[in-house]
Amino acid sequence: MRKILVVAASLILVVGCSSPTQETSDGKMAQLTPPVSCEQELVIQAFADQVEGSQYVPTDWQPSPGTDLYDIYEAGGIACTYGIQVAEVGGTVMWASNVDNLWDSKKTQWLEQGQVQIDLPGINETDAVILKEGSTSADEMHVWAINLLINDVWIHVGASFLQNVDEALPIIEAAVESMVK
Numbered sequence: 001m002r003k004i005l006v007v008a009a010s011l012i013l014v015v016g017c018s019s020p021t022q023e024t025s026d027g028k029m030a031q032l033t034p035p036v037s038c039e040q041e042l043v044i045q046a047f048a049d050q051v052e053g054s055q056y057v058p059t060d061w062q063p064s065p066g067t068d069l070y071d072i073y074e075a076g077g078i079a080c081t082y083g084i085q086v087a088e089v090g091g092t093v094m095w096a097s098n099v100d101n102l103w104d105s106k107k108t109q110w111l112e113q114g115q116v117q118i119d120l121p122g123i124n125e126t127d128a129v130i131l132k133e134g135s136t137s138a139d140e141m142h143v144w145a146i147n148l149l150i151n152d153v154w155i156h157v158g159a160s161f162l163q164n165v166d167e168a169l170p171i172i173e174a175a176v177e178s179m180v181k
């Protein structure tokens with residue numbers, strides 16, 4: 001029995017030491033992890049504030065190797081679409097822990113693809129890169145996306161209706177607040 005308690009205590013210590021943290025108002029460190037469900041009320045409300053009627057849109061993802069979506073899933077994260085499905089307007093938020101230093105390899109790739117580093121106002125991120133403002137996809141549609149690392153959690157926010165960081169901040173803030181404490 002004592003052996004089991006020692007092993008359990010060791011596992012708790014190892015898991016606790018490897019989890020992202022954020023300082024709480026009382027000065028203690030809160031552990032943060034990506035959410036395990038897409039039904040995040042703060043995120044849904046942030047989308048609805050910009051696109052009335054937005055909701056979580058269940059999506060049957062089939063990611064291809066080498067894509068951000070694939071890497072998010074490989075890291076044990078989740079990808080969630082929010083918006084109005086019938087109008088094809090909305091966006092995607094993805095969360096994953098920074099396992100095996102995934103952020104650094106992805107950041108190198110993003111910078112090579114033309115994304116630029118940014119400091120988000122009011123967000124205490126470790127790092128962030130953004131698709132240049134006003135970018136268009138291969139099919140000439142406007143795209144807007146940002147990737148940020150905060151408390152060792154990679155968050156991606158992308159949407160076709162967003163035009164700039166100021167418009168995206170409420171959604172980014174909701175994504176950060178939706179991490180599990």
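Each step along the sequence shown adds one to the number in the UniProt record's numbering, with nothing skipped, and position 127 is 127.
Backbone N, C-alpha and C define an ideal beta-carbon position, used for all residues, glycine too.
Task: Proximity below 7 Å, CB of M94 to CB of A79 - done: With contacts defined by Cβ atoms closer than 7 Å, M94 and A79 form a contacting pair.
Open item on the list: Do L32 and M179 have their beta-carbon atoms positioned less than 7 Å apart in this structure?
Closed with: Contact flag set, yes.
Open item on the list: Would residue 184 and E173 qualify as a contact pair, given that the criterion is a beta-carbon distance under 7 Å?
Closed with: The first residue shown for the chain is 1 and the last is 181, placing residue 184 beyond what the model contains.
Open item on the list: With three or more beta-carbon pairs closer than 8 Å as the criterion, would you say the segment 53 to 63 touches the segment 101 to 120?
Closed with: Not touching, per the Cβ criterion.
TODO: Could you check the C-alpha separation between W144 and A159 for me, to the nearest Å?
DONE: Computed Cα separation, rounded: 6 Å.
Task: Cross-strand partners of W95 (DSSP beta bridge) - done: Paired residues: I78 and I155.
Task: Collapsed DSSP secondary structure at Q163 in the structure displayed - done: Q163 sits in coil when the DSSP states are folded into three classes, being neither helix nor strand.
Open item on the list: Quick check: the Cα distance between D71 and P65, rounded to an integer number of angstroms?
Closed with: D71 and P65 have their C-alpha atoms spaced approximately 8 Å apart.
- [ ] Within the same chain, show all residues whose beta-carbon is closer than 7 Å to that of I84, passing over the 5 residues directly before and after it, in chain order.
- [x] Contacts found: V51, G53, S54 and G90.
Open item on the list: Here's a check: name, in chain order, each residue in its chain whose Cβ is nearer than 6 Å to the Cβ of I171, leaving out the five neighbours to either side.
Closed with: Contacts found: A46 and V157.
Open item on the list: Using a Cβ-Cβ cutoff of less than 8 Å, which residues in the same chain neighbour D49 once the five nearest sequence positions on both sides are dropped?
Closed with: Within the same chain, D49 has close Cβ partners P170.
Task: Test item: CB-CB of S97 and V153 under 7 Å - done: Yes, the pair counts as a contact, with Cβ atoms nearer than the cut-off.
Task: Close Cβ partners of W110 (< 6 Å) along its chain, the five nearest in sequence each way excluded - done: Excluding sequence neighbours, W110 sits near V129.
- [ ] Would you identify the three-state DSSP class for Q109, choosing helix, strand or coil?
- [x] DSSP places Q109 within a helical segment (H, G or I) once states are collapsed to three.
Task: N-terminal and C-terminal residue of the alpha helix (DSSP H) that I44 is part of - done: Residue range E41 to Q50 is occupied by the alpha helix (DSSP H) that includes I44.
Open item on the list: Is the separation between the beta-carbon of T81 and that of T92 shorter than 7 Å?
Closed with: Yes, Cβ-Cβ distance for T81 and T92 is below 7 Å.
TODO: Output yes or no for whether 7 Å exceeds the beta carbon distance between P34 and G77.
DONE: Yes; because the gap between Cβ atoms is below 7 Å, this pair is in contact.
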